[in-house]
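These notes concern the structure reproduced below.
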Amino acid sequence: MNPTEAKARIAELTRQINHHNHLYYQEDRTEISDFEFDRLLEELVKLEKAYPEFIESDSPSQRVGGTITKEFETAEHGYKMLSLGNTYSEEDLLAFDERVAKGLGHRDYEYFCELKFDGVAISLVYENGKLVRAVTRGDGTRGDVVTENIKTIRNIPLKIHGDNIPDRFEVRGEVFLPKKEFEKINAEREILGEPLLANPRNAASGTIKMQDSTVVAKRRLNCYFYQLLGEEIGVTKHDEAITMIEKWGFNVSPTHSKYRDIQGVLTFIEEWKEKRFSLPLDTDGVVLKINDYDQREELGFTAKIPRWAIAYKYQAESAATRLLSISYQVGRTGAITPVANLAPVHLAGTTVKRASLHNANEILRLGLHEGDMVQVEKGGEIIPKITEVVLDNRIPGSKPIQYIDHCPECGTKLERKESEAKHFCPNTKGCAPQILGRIEHFVHKRAMDIDSLGTERIRTLIDQGFIKNPADIYDLEAVQENLLGLEMSQDQYQKTDDGLLYISLPKAFFALTEGISLTAIQSFCESQSEKPLLNVLQNFQAFIRNSKKKTAQNVGTVQLLENLLMTSEFSVLEDYVPVALVLSLLIGNRSTLSEISKAAYHENTVHGILLKMKLELTNEQEDRIKKLKANTFQEGVISNMIEGIEASKNQSFERVLFALGIRNIGENTAQILARHFKNIDALRAASTEQLLEINGVGETLVISLQDYFRDPENLLLIQRLKDKGLRFEVEESTAVLQSNKLEGMKILASGRLNHFKRDEIIDFIEANGGQYLKAVSKGLDFIIEGEEMGPSKKEKAEKLGIKLISEEEFLKMVEKPIAP
Ligand SMILES: NC(=O)c1ccc[n+]([C@@H]2O[C@H](COP(=O)([O-])OP(=O)(O)OC[C@H]3O[C@@H](n4cnc5c(N)ncnc54)[C@H](O)[C@@H]3O)[C@@H](O)[C@H]2O)c1
Ligand SMILES: [Zn+2]
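At position 509 of the sequence shown (counting the first as 1) the number is 509 in UniProt numbering, and the numbers step up by one without a gap.
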């Protein structure tokens, strides 16, 4: 490379790295992996070393990647918050160790090893034992002051107790969102149709930068601390500092160790390679630091990183395996996700059998053919993904994967919108997973709040034809009796192509015999799994003869089943037998085999067949049949469900409106619309202009609303829900005016109020004739300034010349008596 080329490449790398830094730190998203990012940076550093004349002072090699945002006050760090050098190779670690030895002139030093936590760096400053400030890393020199948000993290001590606490000190740590919390939040967002958070790190970073700390508090962030700083902290070694801050009440991860040489460090790295996946947070490597503070000082810093520490990053593991097939999952919103089924392969501590393929584009990008050998990668924190096809191992003549064009759940032709990568099933009202999504949204605790209707129960009720839309829930009471004995799982069933129902062999054996436990039968069946069905039936008779319960009756019934199977026309399905045959043996005196098998077509469960046949059965027969079924709905469960459903009729109009699941209508919008229009008919009759006048309503929302009300099925649904007694208008008490003292005024409240909660102030303003606006805008008459009102809001209000009044002044205005 000549100097001109080098200069151009440096410029190009700088541009790319700045771009990825911006995405990563400002927008909390990524376009490339950390490994790829680190490679770009490494290339830049190498080139700059060879051509120092081209180093720019603001090169990304010279400064840490973050910056400060505009929404918070900023503060300067007492000690710069730097990056860490990083490497993916053992070789580089040994070279690092050599540099340390050379720098110190001897090998008498210790390494303190910690995991590299993948969260957001935070610095906490304490004065006289009290937390005074929490600041993000920012650009390393200055960061955003996010104290209020940090205070919501429960295990961060606001005040330190104990002896010898320095007057002023700083602790640093990594704020993270525990993996479990992350999954919980995403599961909920999925049900409510909100966009999913990409990964726990982005989620934590986004949360820390939120304006409203009550929302932050709900996110259950956590923090691990790994550094103490200050003028007089009274210790000379890092391990002593860690022990001390732990004693002071800071959360320290118990995953650290100390070693006398780099070989020890290597064992630590090996030890945690897979064990780290069981930790509550994502980690991407190991940080090793010189333990002694004086030695650290001797080694010093470069512009961007300390010379006494380095991060070893684990590279995502990769393995080759065979693509067996592709399944297509239909999500709750109708989005189709292809999933690769793989020959099991051991990867990063787990056995991998599937990998996400995201969408049709991904399959095209990889150029997947049926039965291809593929390279699978798993970083532990992410779902395994296929990185490439091993072309050398392609089966000659294999066909490229054909993407499906019909929904695997309901058979509807799939659609794909121009701007979206995913295919969608448009059958929102008749496609089982979409019905499930819709009902889950409807009963969600922030909507109708029917917690006795959990996912499993809803799924069962949908699969067995009891509910298709939210109104059907309110009809369940009338069919209570049919729910008794309804099966919660259909795992023990199989269906042939023509729709005849089969049941698993263990269940059949269990119901046909007496006195033999299901577990004993299951392990017998497992031992026979390689044998043909008829042999298994014969062997089971021998098994009964050898067991304690060798009754002639037991042997005889199984013998009968064998005879029936051989003489009937039913096709043979390994490990399963036709339900009709088993039932005919149990209730043969009530119905003929041909009647039963007729009923067994197109039913999903034994329960369904029996409902269809309406037979009078003896208690003994009922007991036998129960042994065929999975867990079933019992009386307690049903009455609990019915009660919850009944109670939900009291939910407010705004909740009902939210529960309907109209596209783009979240909780807040539902609230605004309900309060504005007071009832559903007024909302439905509203013109585009009337809707757009409302603060917070935009064009997409208007279109969603109009689409919704145009559909006669939706109107029918609303009518049915109304008939069942659900609220479609704002309750009198909140709609009635208490006074008209605020008539015609547009008001906003910001910061923490002493006499009102968030919702209360809105209700109060409206009850006194005023209108509440959600954002600072020209139209406001005044803003009620609560405690710690956000500085950016304040600035904006001042710029627009909007009057700020205190809560007390406001109360005087409406003469609300102040509660003691
Ligand atoms: N994929 C992308 O587009 C992209 C873009 C920018 C950065 N990145 C990645 O982000 C990473 C972040 O770079 P950086 O400069 O913010 O951090 P870094 O990797 O240089 O490491 C410094 C940070 O590590 C954290 N840390 C975690 N555990 C620690 C421990 N036990 N002791 C000390 N510090 C610990 C601290 O927050 C500290 O600020 C890099 O690894 C890079 O690969 C990726
Ligand atoms: Zn469908």
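Cβ coordinates follow ideal geometry from the N, Cα and C atoms, glycine included.
Nearest to phenylalanine 117 by alpha-carbon distance, out of Ala600, Leu701, Leu84, Pro166, is Leu84. Under the DSSP assignment, aspartate 163 falls outside any beta strand (DSSP E); it carries neither an H nor an E label. Contact annotation: the region 103-119 touches the region 289-306, with at least three C-beta pairs closer than 8 Å.
Non-local C-beta neighbours of serine 253 in its own chain, meaning closer than 6 Å and more than five positions away in sequence, comprise Tyr224, ordered along the chain. For isoleucine 68, no beta strand (DSSP E) segment is defined, and its DSSP state is neither H nor E. With respect to the C-alpha of leucine 561, the residue from Lys548, Ser547, Ala580 having the closest C-alpha is Ala580. Under the 8 Å Cβ criterion, the region 168-176 counts as touching the region 115-132, having at least three qualifying pairs.
One Cα belongs to alanine 50, the other to histidine 19, and the distance between them is close to 24 Å.
Taking the Cβ atoms as the reference, proline 60 lies roughly 6 Å from asparagine 21, within the contact range of under 8 Å.
Inclusion of asparagine 768 and valine 702 in the CB contact set at 8 Å is not warranted, their separation being larger than that value. Taking every protein chain shown into account, the CB of histidine 676 has 16 or more other CB atoms within 10 angstroms, so this residue is buried. The bridge partners DSSP lists for phenylalanine 301 are Pro306.
For leucine 391, the closest of Pro195, Ile521, Lys803, Leu323 by C-alpha to C-alpha distance is Leu323. Setting aside the 5 residues that flank it on each side, glycine 249 is surrounded in the same chain by Pro157, each with a C-beta closer than 6 Å to its C-beta; the list follows chain order. Going by beta carbons, glutamate 362 and alanine 316 fall outside the 8 Å limit. Shown here for threonine 321: same chain residues with a beta carbon closer than 8 Å to its own, the five before and five after excluded, namely Leu342, Ala343, Pro344, Val345, Val352, Met373, Val374, Val376 in chain order. For the pair threonine 74 and glutamine 26, the CB atoms are not nearer than the 8 Å cut-off. Residues whose Cβ lies closer than 6 Å to any heavy atom of ligand 2, listed in chain order: Val330, Cys407, Glu409, Cys410, Thr412, Cys425, Asn427, Cys431. Per DSSP, proline 344 is one residue of the beta strand (DSSP E) stretching across 336-347. Threonine 455: member of the alpha helix (DSSP H) spanning 455-463, first to last residue.
Remark: three or more beta-carbon pairs, one from each stretch, lie closer than 8 Å, so the region 175-187 and the region 195-212 are flagged as touching.
Here DSSP, grouped into helix, strand and coil, assigns arginine 752 to strand.
In this structure, the straight-line span from the alpha carbon of lysine 626 to that of valine 558 is close to 18 Å. In this structure, asparagine 86 has its CB closer than 7 Å to one or more heavy atoms of ligand 1. Per DSSP, reduced to three states, the secondary structure at asparagine 359 is coil, with no helix or strand assignment. At least one heavy atom of ligand 1 falls within 7 Å of the beta-carbon of serine 83. Within the same chain, Cβ atoms closer than 7 Å to the Cβ of serine 489 are found at Ala630, Asn631, the five residues on either side in sequence being excluded. Rounded to the nearest whole angstrom, the CA to CA distance from tyrosine 576 to isoleucine 503 is 5 Å. Valine 120 and isoleucine 208 do touch by the CB rule: their CB atoms are close to 6 Å apart, below 8 Å. Counting every other CB atom within 10 Å of its CB across the protein chains shown gives aspartate 759 a total below 16, marking it as exposed. Annotation: valine 697 is outside any alpha helix (DSSP H) and is labelled neither H nor E by DSSP.
Remark: three or more beta-carbon pairs, one from each stretch, lie closer than 8 Å, so the region 470-490 and the region 709-724 are flagged as touching.
In this structure, arginine 137 has its beta carbon less than 7 Å from a heavy atom of ligand 1. A straight-line Cα-Cα distance of about 29 Å links glutamate 574 and isoleucine 462. In this structure, glutamate 788 lies away from leucine 804, with their beta-carbon atoms at least 8 Å apart. In the structure shown, threonine 214 falls within a helical segment according to DSSP collapsed to helix, strand and coil.
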